[in-house]
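Here is the structure we will look at.
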Amino acid sequence: MEENKKLVVSASPHAKSSATVRGIMLDVIIALIPAAFAGVTVFGLRAALVMAVCIGCCLLCEFLARKVMKRSNTLGDLSAVVTGLLLAFNLPVKTPLWICAIGSFVAIVVVKQFFGGIGHNFANPAITARIVLLVSFASALTNFTAPTVGGADAVSTATPLASLSKITLAGGVGTQLSDLIAEGQIPALLKMFLGVRPGCIGETCALALLLGAAYLLIRGVIKITIPAAYLLTFTCFMLIASGFDLTYTAYELLSGGLLLGAFFMATDYTTSPINTAGKVVFGVGCGVLTAVIRLYCSLPEGVSYSILLMNIACPLIEKLTAPKYFGFIKKKKEKKAGDAA
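Per this note's numbering, the sequence shown starts with residue 13, numbered consecutively.
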């Protein structure tokens, strides 16, 4: 038989890829560099210290946990670095360093290693750790500072999202928004886009986050399905709720950790669906939950909670949206005795 006509039988998996965990994590780290640089520029060198402590503690926790559990060393896959960086991005710049260490322990040991390590965790480690810290140390996790661009001293202040939560959607959204801008409680849209506003270290600069997201999309590390479904659903919800006020909707899109969550945390391989239909459902659910929490709950932000809830619902989503097997034959209903022939 000719060589090109041979039937080759091999063990699964039959679809092979040159992608590795280390390579994927390295791409994510590269994509996060613009936001990290923006965080240091806006909030000063302490932002770099918080990032360094979170990354260092995550690496230490992973090393010790794997050692105690007598598992192989996985520091080389860089997943702990990504978790530490994302955790730091979700913290205010004034967060005490010992709280950063506790968050790293929760993310790596409790959420990741207790469930078997990378690929086995039921929820995003960084998001879960952030929620645990927010519940446990609310005052520290809501102590936001004004930007220190130009060397000014950092002072505690409210975030634009907290100011937006004061707006009553019953009527006059545009007028209320204009008053907040005039009073200086909310910066101009350009400053919001560039990240010159109070907030967590890695969530403020939309430009940097979009550059990182574009890199991941070009490299094929993530697909646009979940972020698009997430952001489009959220946008539609906010437009309807505000009486189609475009400016208010733009402020909501640029406030809080929406872009960080949509592109860098909701797309986590382990905690999001693998099929397209499931990804759409997942993204729509995140968008609806985020909008509902922001508008109708006591919390001004809802990104972390919405992604965590959808992480928990992910197995059910996958089960309901799983494609049918190729060659599936639908069973015919059996006729009852009294039915006509």
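The beta carbon of each residue, even a glycine, is placed where N, CA and C say it ideally should be. Values in this document were obtained by computation on a predicted structure and should not be read as measured data.
Q: Determine the direct distance from the alpha carbon of residue 318 to that of residue 287, and round the result to whole angstroms.
A: Residue numbering aside, residue 287 sits at position 275 when the sequence shown is read from its first letter. Residue numbering aside, residue 318 sits at position 306 when the sequence shown is read from its first letter. Whole-angstrom Cα-Cα distance: 20 angstroms.
Q: List the residues that DSSP assigns as beta-bridge partners of residue 157.
A: As a working mapping, residue 157 is identified with position 145 in the sequence shown. For residue 157, the beta-bridge partners assigned by DSSP are 168.
Q.
To test your reading of the DSSP string, which unbroken alpha helix (DSSP H) runs of 4 or more residues are found completely within the region 66-143?
A. The qualifying runs are 91-101, 109-117.
Q | Limits of the unbroken alpha helix (DSSP H) element including residue 205 | A | Working through the sequence shown from its first residue, we reach residue 205 at position 193. Residue 205 -> alpha helix (DSSP H) spans 201-206.
Q.
Here's a check: name, in chain order, each residue in its chain whose Cβ is nearer than 7 angstroms to the Cβ of residue 236, leaving out the five neighbours to either side.
A. In the sequence shown, residue 236 corresponds to position 224, counting from 1. Counting only residues of its own chain and dropping the five nearest sequence neighbours on each side, residue 236 has a CB closer than 7 angstroms to the CB of 229.
Q: Quick one: grab the DSSP three-state call for residue 256.
A: On the sequence shown, position 244 is the one that residue 256 refers to. When DSSP states are grouped into helix, strand and coil, residue 256 belongs to the coil group.
(Q) With three or more C-beta pairs closer than 8 angstroms as the rule, is the region 179-193 touching the region 136-151? (A) Cβ pair count under 8 angstroms is below three, so no.
Q) Does the distance from the CB of residue 113 to the CB of residue 201 come in under 9 angstroms? A) Looking up residue 113 in the sequence shown gives position 101. Looking up residue 201 in the sequence shown gives position 189. Contact flag unset, no.
Q: Identify whether residue 188 lies in helix, strand or coil by the three-state DSSP scheme.
A: Taking the first residue of the sequence shown as 1, we reach residue 188 at position 176. If DSSP states are grouped into helix, strand and coil, residue 188 belongs with the helices.
Q: State the start and end residues of the unbroken alpha helix (DSSP H) segment that holds residue 35.
A: Numbered from 1 along the sequence shown, position 23 holds the residue referred to as residue 35. Segment 33-55, the alpha helix (DSSP H) holding residue 35.
Q: Take every Cβ of the region 205-220, pair it with every Cβ of the region 48-56, and state whether three or more of those distances are shorter than 8 angstroms.
A: Touching, per the Cβ criterion.
Q: Reducing DSSP to helix, strand and coil, say where residue 247 ends up.
A: Here residue 247 is taken as the residue at index 235 of the sequence shown, counted from 1. Note: residue 247 maps to helix in three-state DSSP.
**Q.** Buried/exposed call for residue 117, threshold 16 Cβ in 10 Å
**A.** The residue labelled residue 117 in the question sits at position 105 within the sequence shown. By the neighbour-count rule (16 or more Cβ atoms within 10 Å), residue 117 is buried.
Q: Could you tell me the distance, in whole angstroms, from the CA atom of residue 70 to the CA atom of residue 120?
A: Locating residue 70 in the sequence shown gives position 58, counting from the first residue. Locating residue 120 in the sequence shown gives position 108, counting from the first residue. One C-alpha to the other measures close to 6 angstroms.
Q) How would you call residue 294, buried or exposed, if buried means at least 16 neighbouring beta carbons within 10 angstroms? A) Here residue 294 refers to the residue found at position 282 of the sequence shown. Answer is buried; the Cβ neighbour count reaches 16.
Q) Given residue 299, which residues of its chain have a CB within under 6 angstroms of its CB, disregarding the five upstream and five downstream residues? A) Here residue 299 corresponds to residue number 287 of the sequence shown, with the count starting at 1. For residue 299, same chain residues with a beta-carbon under 6 angstroms away, outside a window of 5 residues either side, are 242, 245, 246 in chain order.
Q. In angstroms, rounded to a whole number, what distance separates the CA positions of residue 59 and residue 328?
A. Indexing the sequence shown from 1 puts residue 59 at position 47. Indexing the sequence shown from 1 puts residue 328 at position 316. So the two alpha carbons sit approximately 38 angstroms from each other.
Q.
Do residue 227 and residue 43 count as a contact pair if the criterion is CB distance below 9 angstroms?
A. Numbered from 1 along the sequence shown, position 31 holds the residue referred to as residue 43. Numbered from 1 along the sequence shown, position 215 holds the residue referred to as residue 227. Less than 9 angstroms divides the Cβ of residue 43 from the Cβ of residue 227.
Q | Meets three-Cβ-pair contact criterion under 8 angstroms: the region 142-158 and the region 181-199 | A | No contact exists between the region 142-158 and the region 181-199.
Q: Would you identify the three-state DSSP class for residue 175, choosing helix, strand or coil?
A: Residue numbering aside, residue 175 sits at position 163 when the sequence shown is read from its first letter. Here residue 175 sits in helix by DSSP.
Q: Taking 9 angstroms as the cut-off, decide whether the C-beta atoms of residue 271 and residue 221 are in contact.
A: The sequence position of residue 271 within the sequence shown is 259, counting from 1. The sequence position of residue 221 within the sequence shown is 209, counting from 1. A contact, by the Cβ cut-off of 9 angstroms.
Q.
Between which two residues does the alpha helix (DSSP H) holding residue 182 run?
A. Within the sequence shown, the letter at position 170 stands for residue 182. Residue 182: not part of any alpha helix (DSSP H); DSSP gives it neither H nor E.
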